[in-house]
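K.L.:
Before I ask anything, let me first share the structure, which is written out below as structure tokens.
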Amino acid sequence: MDWQFLAFSLAKILVVFAVVMTMVAYAVLVERKVSAFIQDRVGPNRANPFFARYIPYLGMKLVRWGIFQPMADALKAILKEDYTPAHVRKVYFWIAPALAMVPALLTLAVIPFGSQLGAQKMVIADLDVGVLYTFGIVSLGVYGIVLAGYAANSKYPFLGGIRSSAQMISYEIAMGLSVIPVFLLVGSLNLSDVIGAQSGSLLAWHVFKQPVAFFVFLVAAFAETNRLPFDLPEAETELVGGYHTEYSSMKFALFFLGEYAAMISVSAMMVTLFFGGWTLPFLGLDQPAQSLWVGLLHILIFFLKLCVLLVGIIWVRWMLPRFRYDQLMDLGWRRFIPVALANIVVTAGVLAMMHR
Amino acid sequence: MTDLLFVLFSALALLCGFLTVANPFTRSPVASALFLVLTMVWLAGLFVLLHAFFIAAVQILVYAGAVMVLFLFVIMLLDLREEERRRWNRFGVAAGLISVLGLLGITAVTLLRATPDGTGDAQLEGATHALGLMLFRQYLLPFEIVSVLLLVAMLGVILLSKRELK
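In the order they appear, the protein sequences are chains A and B. First residue of the first sequence: 1, per my numbering; consecutive thereafter. First residue of the second sequence: 1, per my numbering; consecutive thereafter.
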């Protein structure tokens, strides 16, 4: 085993983990600010730590922007009483929040978030079966929800757990089928190759080559991350809060943050699969970086694309009403799966004609 | 390092497999199902050590991610108390013995045929492309037969569920 490889991998894991956790915290803030903007409110503007007033000029502005709100939220989640109801199944009750959080983070291991810095490729694990790994891990995310519903040992969380796992399993199929045309075009399951295939021009991006695949993937991503318009798992206003009804404090926060981590990883997947990853089709930014600065620029490009998608996902939440459960199932099984299948057949047919 | 990981993964797979069928602490089928999931995960680890990345990923995706979730689903919707009371069952023991003996036979035949110096076809390691070509050329007939089996299972489910509606 190569020690240099181990050290670099460990460093990459730590950096990605730190960045993603910070992004999760601030995604919550963005969510609240965007919702406030859409509903003509101000949003969080009161978190005011003692050191804020010592920051010259910016201090009070940062307070008004809510920059310190995530810290206050985290403190609240940690310090609140961690209450375990007497009737729950203890072991599962403790495992479920972790299982809800971990898969979303593991998915990020195969996402190339930059070309290279020096000789290091900016991806934690450059797997040849990258996308299969991602779907494998994503499919494990259901366990957190199933077990949370089961662990609560009372009817409404249980029904909530069944409801959301049925939703996730259904849309996983549409999601898996929707990306197959992309890999038919690329001819490889490696995500770095997928990005390589999208360099050259803007029209090489798969979002333009495969708009149907992108649309199905996008909608399935909303359902997989339990976001509105498909947030039936939660649906707090009309159904009892779903699988995490019995949870409080940090355990609840893990479910909540898990949702945002899943949002980030699914957006990262979309950037990689459909928006050319770290490339931009001009100024020669679509080739692996030769110098350190270009390498950093590639990471910045990836990060910006990711943020645009995240804000888009958040925006949609406050724009669309919730689907009814039967509509959701109908949409998944009777619309999207046939559309995705037809897209595979058409793409394969066209490719076969072209390669004749 | 690889040997160490091999020992670790196989020991954990055996342990979890044992806990699936004979858990001394609980007779809850949910616990059994979850230990079976863990067994699948460790088996995937063993596949990775063999450089069979595709098989490893599919193992997690299909067995741990899809099949076992549905198992868990069905188990949770059943009346578990009745299941916990149940003891030995002649049909179950016979079916279990037959399947174990069958699997042992397959393993023995494979081991006898295997070359002692490791892998037979190094070209196949981890290569999805090569695997796909073999699946659709050399092993097309078994592949299609398995598909028909799945189709039969699906039709059976539709038939059973429709009968109750009428």
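Quick reminder that beta carbons are idealized off the backbone N, C-alpha and C, glycines included. As the structure is a computational prediction, the values presented were derived from the model and not from experiment.
1. Kindly identify the DSSP beta-bridge partner or partners of A:K121.
2. Excluding the five sequence neighbours on either side, which residues of its own chain have a C-beta within less than 6 Å of the C-beta of B:L46, listed in chain order?
3. Where A:R334 and A:V219 are concerned, what is the direct C-alpha to C-alpha distance, given to the nearest angstrom?
4. Of all the options A:V146, A:F68, A:Q327, A:Q167, which has the alpha carbon lying nearest to the alpha carbon of A:H244?
5. What in chain A is Cβ-close to B:I158, meaning under 8 Å?
6. Check the Cβ of B:L72 against every Cβ in chain A and list those closer than 7 Å, keeping chain order.
7. Short of 7 Å in beta carbon distance, which residues of its chain neighbour A:V212, apart from the five on each side in sequence? Order them along the chain.
8. Name the residue from A:V345, A:D326, A:Q290, A:H355 whose alpha carbon lies nearest to the alpha carbon of A:S170.
9. Specify, as a first and last residue, the run of the alpha helix (DSSP H) that A:Y260 falls within.
10. Could you name the residues of the same chain whose beta carbon sits closer than 8 Å to that of A:G295, not counting the 5 residues immediately before and after it, in chain order?
11. In the DSSP assignment, find the alpha helix (DSSP H) that holds A:K80 and state where it starts and stops.
12. Does the CB of B:V69 have a neighbour CB from chain A at under 8 Å?
13. Report the residue from B:C16, B:A66, B:A52, B:A31 whose alpha carbon sits nearest the alpha carbon of A:E172.
14. With burial defined as no fewer than 16 other Cβ atoms inside 10 Å of the residue's Cβ, what is the status of A:M71: buried or exposed?
15. For A:L420, which residues of its own chain have a beta-carbon under 8 Å away from its beta-carbon, when the five flanking residues on both sides are left out?
16. Show which residues of chain B have a CB atom less than 8 Å away from the CB atom of A:L328.
17. If the cut-off is 9 Å on Cβ atoms, which residues from the stretch 45 to 57 of chain B count as contacting chain A, listed in chain order?
18. In the stretch 116 to 138 of chain A, which residues sit with their C-beta less than 7 Å from some C-beta in chain B, listed in chain order?
19. Candidates A:A174, A:S9, A:M21: which alpha carbon is nearest A:A261's?
20. Please go through the same chain and pick out, in chain order, the residues whose beta-carbon is closer than 8 Å to the beta-carbon of A:M319, but skip the five residues on each side of it.
21. Taking 8 Å as the CB-CB limit, is B:T128 close to chain A?
22. Could you say if the stretch 300 to 311 of chain A and the stretch 222 to 233 of chain A meet the contact criterion of at least three C-beta pairs nearer than 8 Å?
23. Are the stretch 157 to 167 of chain A and the stretch 242 to 256 of chain A touching by the rule of at least three beta carbon pairs closer than 8 Å?
24. Taking Cβ-Cβ distances shorter than 8 Å, what residues in chain B pair up with A:L140?
25. Run the CB neighbour count on A:P44, radius 10 Å, all protein chains shown included, and call it buried at 16 or more, exposed below.
26. What in chain A is Cβ-close to B:V7, meaning under 7 Å?
27. For B:V93, count the other beta carbons within 10 Å of its own beta carbon; 16 or more makes it buried, fewer makes it exposed. Which is it?
28. Helix, strand or coil, according to DSSP, for A:A197 in the structure here?
29. Relative to chain B, which residues along the stretch 178 to 198 of chain A have a C-beta separation below 9 Å, given in chain order?
30. Got a sec: is the Cβ-Cβ distance from B:M40 to anything in chain A below 8 Å?
31. Considering only the beta carbon of each residue, do A:R322 and A:P229 sit closer than 8 Å?
32. Please list, in chain order, the chain A residues whose beta carbon lies closer than 8 Å to that of B:M134.
33. Within 8 Å of any Cβ in chain B, is that where the Cβ of A:I169 sits?
34. Against A:S165, what residues of chain B qualify as contacts under a CB-to-CB distance less than 8 Å, listed in chain order?
35. Would you mind telling me which residues of chain A sit closer than 7 Å to B:M154, beta carbon to beta carbon, in chain order?
P.N.:
Let me spell this out:
1. Start at 1 with the first residue of the first sequence, and residue 121 of chain A comes out as number 121. A:Q116, per the DSSP bridge assignment.
2. Reading the second sequence from its first residue, position 46 is the one you call residue 46 of chain B. Same-chain partners within the cutoff: F9.
3. As a first step, residue 334 of chain A is located in the first sequence; it is residue number 334 there, counting from the start. As a first step, residue 219 of chain A is located in the first sequence; it is residue number 219 there, counting from the start. Going from the Cα of A:R334 to the Cα of A:V219 covers about 14 Å.
4. The residue given as residue 244 of chain A occupies position 244 in the first sequence. When only C-alpha atoms are compared, the closest one is A:V146.
5. Stepping through the second sequence from its first residue, residue 158 of chain B is reached at position 158. The contacting residues do not exist; B:I158 stays about 14 Å from chain A at best.
6. Indexing the second sequence from 1 puts residue 72 of chain B at position 72. Under the 7 Å cutoff, chain A gives V146.
7. Against the first sequence, residue 212 of chain A aligns to sequence position 212. The beta carbon of A:V212 sits closer than 7 Å to the beta carbons of V339, N343 from its chain, once the five residues preceding and following it are set aside; these are given in chain order.
8. Position 170 of the first sequence, counted from the start, is the residue given in the question as residue 170 of chain A. That would be A:D326, whose Cα lies nearest to the Cα of A:S170.
9. Against the first sequence, residue 260 of chain A aligns to sequence position 260. Counting along the chain, the alpha helix (DSSP H) containing A:Y260 begins and ends at 249 to 274.
10. On the first sequence, position 295 is the one that residue 295 of chain A refers to. Excluding residues within five positions, the ones whose Cβ falls inside 8 Å are G114, S115, Q116, L117, G118, M122, A289.
11. One-based indexing of the first sequence puts residue 80 of chain A at position 80. Premise fails: A:K80 is in no alpha helix (DSSP H) and is neither H nor E.
12. Numbered from 1 along the second sequence, position 69 holds the residue referred to as residue 69 of chain B. Closer than 8 Å to some Cβ of chain A, the Cβ of B:V69 qualifies, so yes.
13. Looking up residue 172 of chain A in the first sequence gives position 172. Measuring from the Cα of A:E172, the nearest candidate turns out to be B:A66.
14. Translated into the one-based positions of the first sequence, residue 71 of chain A becomes position 71. Flag for A:M71 reads exposed.
15. Outside the displayed span of chain A (1 to 356) sits residue 420 of chain A, for which this structure offers no information.
16. Locating residue 328 of chain A in the first sequence gives position 328, where the first residue counts as 1. None at all; the shortest Cβ gap to chain B is about 17 Å.
17. F53, F54, A56, A57
18. Here the close residues are L127, D128, V129, L132, Y133, F135, G136.
19. The count along the first sequence starts at 1 and reaches residue 261 of chain A at position 261. Just measuring C-alpha positions, the residue of A:A174, A:S9, A:M21 sitting nearest A:A261 is A:M21.
20. Start at 1 with the first residue of the first sequence, and residue 319 of chain A comes out as number 319. These residues qualify, in order along the chain: I38.
21. Taking the second sequence and counting its residues from 1, one reaches residue 128 of chain B at position 128. So yes, B:T128 belongs to the interface.
22. no
23. yes
24. Along the first sequence, one-based indexing puts residue 140 of chain A at 140. Within chain B, the residues near A:L140 are I60, A64, G65.
25. To locate residue 44 of chain A, count along the first sequence from 1; it is residue 44. Buried, by the Cβ-count rule.
26. For the purposes of this step, residue 7 of chain B is identified with residue 7 of the second sequence, where counting begins at 1. Ordered by position in chain A, no residue passes the 7 Å Cβ test against B:V7, which lies about 16 Å from the chain.
27. By 1-based counting over the second sequence, the position of residue 93 of chain B is 93. B:V93 should be labelled exposed.
28. For the purposes of this step, residue 197 of chain A is taken as the residue at position 197 of the first sequence. A:A197: helix per DSSP, three-state reduction.
29. G187, S188, L189
30. Numbered from its first residue, the second sequence carries residue 40 of chain B at position 40. No, because no Cβ of chain A sits closer than 8 Å to the Cβ of B:M40.
31. As a first step, residue 322 of chain A is located in the first sequence; it is residue number 322 there, counting from the start. As a first step, residue 229 of chain A is located in the first sequence; it is residue number 229 there, counting from the start. Yes, Cβ-Cβ distance for A:R322 and A:P229 is below 8 Å.
32. In the second sequence, the residue the question calls residue 134 of chain B occupies position 134. Result: empty, since nearest Cβ-Cβ is about 16 Å, beyond 8 Å.
33. As a position in the first sequence, residue 169 of chain A is number 169, starting the count at 1. By this cut-off, A:I169 is an interface position.
34. Taking the first sequence and counting its residues from 1, the one referred to as residue 165 of chain A is at position 165. Near A:S165 (Cβ distances below 8 Å), the residues of chain B are V69, F73.
35. Here residue 154 of chain B refers to the residue found at position 154 of the second sequence. Here the premise fails: no neighbours, minimum Cβ distance about 14 Å.
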